[in-house]
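Below is one structure, written out as structure tokens; the observations come after it.
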Amino acid sequence: MTAEPTTTGPAGTDPTATFTELYGSEPDGVWAAPGRVNLIGEYTDFNDGFVMPLALPHTARAAVSRRDDGVLRLYSTDVPGGVVSLRVDELAPHSGHGWAAYPAGVVWALRRAGHPVTGADIALTSTVPTGAGLSSSAALETVTALALNDLFDLGLSAADLAVTGRRAENDFVGVPCGIMDQMASACCTEGHALHLDTRDLSLRQVPFDLAAQGLTLLVVDTRVKHALGDGAYAERRAGCEEGARLLGIPTLRDLPYEDLAAALTRLADAGADESVIRYVRHVVGDNHRVEQVIALLDAGDVRAAGPVLNEGHVSLRDDLRVSCPELDLAVEAASTAGALGARMTGGGFGGSAVVLVEEAQAGTVAKAVEEAFAAAGHAPPGVFDAVPSAGARRLS
Ligand code: ADP
Ligand code: MG
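Numbering (the numbering used here), first residue to last: 972 to 1367.
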């Protein structure tokens, strides 16, 4: 497959020169953390369910030096505005700071957990497309957490770093995301998808060597984000909680797939809102689809996962109702052009789709999607290979 990312290349640049120019010395080190794409298991992570992300070759990179005077300086090559200078003892949740709230929130979360983080100089650069459902925010949090963990010798595990990043995003920035994004960025490994149980954060690396199987996983970034999505997450979340309450279980994770049909009848009999019934069907169905895909991957039958991805899309479109015309078009055009399977991924209402395709067909399918977008009058999508890549790591 030759389609290049239409955003900045995944190799990225080394932020060392930027760091030295800004702060006048060499950084103590350079770290990287990837964006992610979720293969299957959507809107399951706030129901204690299963997800299956893989790390992208696209990374956020940070050149960092520790400081001991309480000063935190942050810079990103990707946004205008210069260096943001803060004091670590004055960091307070929901106090603005724009993009800098993500790394500052990590410092805040570490300090709140009792870790002696006394300041840092940080220069960031990232190739993860922002706002495309590919977790550029988690990449930023994870790379910051990993760098500070090393520089302050905090001894935190990858899962601890993910929990720290999520706290930063939930409690400091104020975005109610689940734990999948940060866990994927912190814990994924090359050539694998991550089977993550969001109930207890237990995980397994599932071999997902696409190239060896002659397959490609394309990401189609629709480059749209519909405002409708803003309240939808909270509404879906509340609906799922209502479904669990009516069924008398702690979370929808606790409903076995075998009991789904009977549970839906019970919900209808109990007078549950029609939307609640749909949400329950989606969440329990998608948890089941994660297990199906894992069984197929373990059996070496990756191609057979295609129809499961298609079912996942239909469920997100019709039951959860978080798709949009651009995502539906990407999935439909890819399928018509011969993809093995395709689905929207991430929160929906724009963002990205994943497409499983024979490697030899990848160029044809990518072109078909681009042509369909042009014919519908949409701006060109970004299309690239989601090569299963490494999680967060120190580069130098
Ligand atoms: P996603 O995580 O799906 O890309 P989010 O809305 O969660 O979308 O996070 C995007 C936000 O993260 C951006 O608006 C910006 O504030 C921050 N961000 C991501 N990448 C960078 C970067 N390279 N430099 C500065 N801020 C970034
Ligand atoms: Mg995000």
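We put the beta carbon where it would ideally sit given N, CA and C, even for glycine. All values derive from a computational prediction rather than experimental measurement.
Arg1252: first and last residue of the uninterrupted alpha helix (DSSP H) it sits in
Taking the first residue of the sequence shown as 1, we reach residue 1252 at position 281. Run containing Arg1252: Glu1245 to Asp1269, per the alpha helix (DSSP H) assignment.
For ligand 2, is there a heavy atom less than 8 Å away from the beta-carbon of Val1264?
Residue 1264 sits at position 293 when you count from the first residue of the sequence shown. Outside the cutoff, so no.
Counting only the same chain and skipping the five closest in sequence on each side, list residues whose C-beta sits under 6 Å from that of Pro986.
Position 15 of the sequence shown, counted from the start, is the residue given in the question as residue 986. Cβ within range, chain order: Arg1032, Ala1034, Ala1094 and Thr1096.
Any heavy atom of ligand 1 closer than 8 Å to the beta-carbon of Leu1117?
As a working note, residue 1117 is residue 146 in the sequence shown. For Leu1117, the CB stays at least 8 Å from every heavy atom of ligand 1.
Is Cys1148 near ligand 2, in the sense that its beta carbon is under 8 Å from a heavy atom of that ligand?
Along the sequence shown, read from residue 1 onward, the residue named residue 1148 stands at position 177. Remark: the shortest separation between the CB of Cys1148 and any heavy atom of ligand 2 falls under 8 Å.
So Arg1105 packs on Asp1356, CB below 8 Å; how close in whole Å?
What you label residue 1105 is simply residue 134 of the sequence shown in a count that begins at 1. What you label residue 1356 is simply residue 385 of the sequence shown in a count that begins at 1. A small fix is needed here, since residue 1105 is Leu in this sequence, not Arg. The Cβ separation is near 13 Å, so there is no contact.
Would the C-beta of Thr1113 count as close to ligand 1, meaning under 8 Å from any of its heavy atoms?
Locating residue 1113 in the sequence shown gives position 142, where the first residue counts as 1. Set against 8 Å, the gap from the CB of Thr1113 to the closest heavy atom of ligand 1 is not smaller.
Residue nearest to Cys1159 in terms of C-alpha spacing, selected from Ala1139, Ala1198, Arg1170 and Ala1110:
In the sequence shown, counting from the first residue as 1, residue 1159 sits at position 188. The shortest Cα separation from Cys1159 among Ala1139, Ala1198, Arg1170 and Ala1110 belongs to Ala1110.
Exposed or buried, what is Ala1347 when buried is set at 16 or more other beta-carbons lying within 10 Å of its beta-carbon?
Walking along the sequence shown from the start, residue 1347 turns up at place 376. The residue in question, Ala1347, is exposed, as its Cβ has fewer than 16 Cβ neighbours within 10 Å.
Is any heavy atom in ligand 1 found nearer than 8 Å to the beta carbon of Trp1070?
Position 99 of the sequence shown, counted from the start, is the residue given in the question as residue 1070. The answer is yes for Trp1070.
What does a CB cutoff of less than 6 Å around Ala1339 pick up in its chain, not counting 5 residues either side in sequence?
To locate residue 1339, count along the sequence shown from 1; it is residue 368. For Ala1339, where only same-chain residues beyond five positions count, the Cβ hits under 6 Å are Ala1304 and Ala1308.
So, at 6 Å on beta carbons, what are the nonlocal neighbours of Ala1275 in its own chain, with the 5 sequence-adjacent residues on each side left out?
Taking the first residue of the sequence shown as 1, we reach residue 1275 at position 304. Answer for Ala1275: Leu1267, listed in chain order.
Are the CB atoms of Leu1223 and Gly1020 nearer to each other than 9 Å?
On the sequence shown, position 252 is the one that residue 1223 refers to. On the sequence shown, position 49 is the one that residue 1020 refers to. Cβ atoms of Leu1223 and Gly1020: closer than 9 Å.
Which listed residue (Val1325, Ala1363, Gly1362 and Ala1004) has its alpha carbon closest to that of Val1354
In the sequence shown, counting from the first residue as 1, residue 1354 sits at position 383. Taking Val1354 as reference, the option from Val1325, Ala1363, Gly1362 and Ala1004 with the minimal CA-CA separation is Val1325.
Taking contact to mean 3 or more Cβ pairs, one atom from each stretch, closer than 8 Å, check whether the region 1052 to 1068 and the region 1246 to 1260 are in contact.
No, the region 1052 to 1068 is not in contact with the region 1246 to 1260.
Along the chain, where does the alpha helix (DSSP H) containing Gln1176 start, and where does it finish?
In the sequence shown, residue 1176 corresponds to position 205, counting from 1. Here Gln1176 belongs to no alpha helix (DSSP H); instead the beta strand (DSSP E) covers Leu1174 to Pro1178.
Kindly give me the distance between the Cβ atoms of Val1077 and Ala1139, rounded to whole angstroms, as I take these residues to be in contact under 8 Å.
For this step, residue 1077 is matched to residue 106 along the sequence shown. For this step, residue 1139 is matched to residue 168 along the sequence shown. Right, the Cβ-Cβ distance comes to about 5 Å (below 8 Å), so this counts as a contact.
CA-CA distance, Gly1000 and Val1042?
Translated into the one-based positions of the sequence shown, residue 1000 becomes position 29. Translated into the one-based positions of the sequence shown, residue 1042 becomes position 71. When rounded, the distance between both Cα atoms is 18 Å.
According to DSSP, is Met972 part of a helix, a strand, or is it coil?
In the sequence shown, the residue the question calls residue 972 occupies position 1. With a pLDDT of only 34 at Met972, under the threshold of 50, the placement of this residue in the model should not be trusted; the figure read from the coordinates follows. Looking at Met972 - three-state DSSP - the assignment turns out to be coil, as it is neither helix nor strand.
Any heavy atom of ligand 1 within a distance shorter than 8 Å of the CB on Asp1192?
On the sequence shown, residue 1192 is found 221 positions in, with the first residue counted as 1. Asp1192 Cβ: outside cutoff for every heavy atom of ligand 1.
Report yes if the C-beta distance between Asp1168 and Leu1174 is below 9 Å; otherwise report no.
Taking the sequence shown and counting its residues from 1, one reaches residue 1168 at position 197. Taking the sequence shown and counting its residues from 1, one reaches residue 1174 at position 203. Yes.
Does any heavy atom of ligand 2 sit closer than 8 Å to the C-beta of Ser1107?
Taking the sequence shown and counting its residues from 1, one reaches residue 1107 at position 136. The answer is yes for Ser1107.
Does the beta-carbon distance from Val1264 to Ala1203 come in below 9 Å?
Position 293 of the sequence shown holds residue 1264. Position 232 of the sequence shown holds residue 1203. Not in contact: Val1264 and Ala1203 (Cβ atoms no closer than 9 Å).
In terms of residue numbering, what span does the beta strand (DSSP E) encompassing Met1023 cover?
Here residue 1023 refers to the residue found at position 52 when the sequence shown is read from its first residue. For Met1023, there is no enclosing beta strand (DSSP E), since its DSSP letter is neither H nor E.
Assign Ser1066 to buried or exposed, taking buried as 16 or more other Cβ atoms, counted over all protein chains shown, within 10 Å of its Cβ.
Walking along the sequence shown from the start, residue 1066 turns up at place 95. By the neighbour-count rule (16 or more Cβ atoms within 10 Å), Ser1066 is not buried but exposed.
Could you pull out every unbroken alpha helix (DSSP H) segment of at least 4 residues lying fully inside the region 1161 to 1228, listed in chain order?
1200 to 1218
State buried or exposed for Glu1013, treating a residue as buried only when at least 16 other CB atoms are found within 10 Å of its CB.
Counting from 1 along the sequence shown, the entry for residue 1013 is found at position 42. Glu1013 comes out buried.
Which class does Glu912 belong to by DSSP, given the choice of helix, strand or coil?
Absent from the model: residue 912. The displayed extent of the chain is 972 to 1367, so no value can be given.
Is it true that the region 1223 to 1239 meets the region 1192 to 1203, where meeting means three or more beta-carbon pairs spaced less than 8 Å apart?
no
Using 8 Å as the cut-off, can you tell me whether the region 1312 to 1331 makes contact with the region 1280 to 1287, which would need three or more C-beta pairs spanning the two stretches below that distance?
yes
Buried versus exposed, by CB contacts within 10 Å (16 or more), Leu1010:
Position 39 of the sequence shown, counting from 1, holds the residue named residue 1010. Burial call: buried.
Would Tyr1228 be called buried (16 or more neighbouring beta carbons within 10 Å of its own) or exposed?
Translated into the one-based positions of the sequence shown, residue 1228 becomes position 257. Classification for Tyr1228: exposed.
In the region 1123 to 1147, which residue ranges form an unbroken alpha helix (DSSP H) of at least 4 residues, counting only runs that do not cross its ends?
Listed in chain order, they are 1129 to 1138.
With DSSP collapsed to three states, give me the class of Phe1320.
Working through the sequence shown from its first residue, we reach residue 1320 at position 349. When DSSP states are grouped into helix, strand and coil, Phe1320 belongs to the coil group.
Straight-line Cα distance separating Pro1359 from Gly1162:
Within the sequence shown, residue 1162 is the residue found at index 191, counting from 1. Within the sequence shown, residue 1359 is the residue found at index 388, counting from 1. If you take the alpha carbons of Gly1162 and Pro1359, they lie about 5 Å apart.
Indicate the three-state DSSP secondary structure (helix, strand or coil) for Val1358 in the structure shown.
Against the sequence shown, residue 1358 aligns to sequence position 387. Correct three-state label for Val1358: coil.
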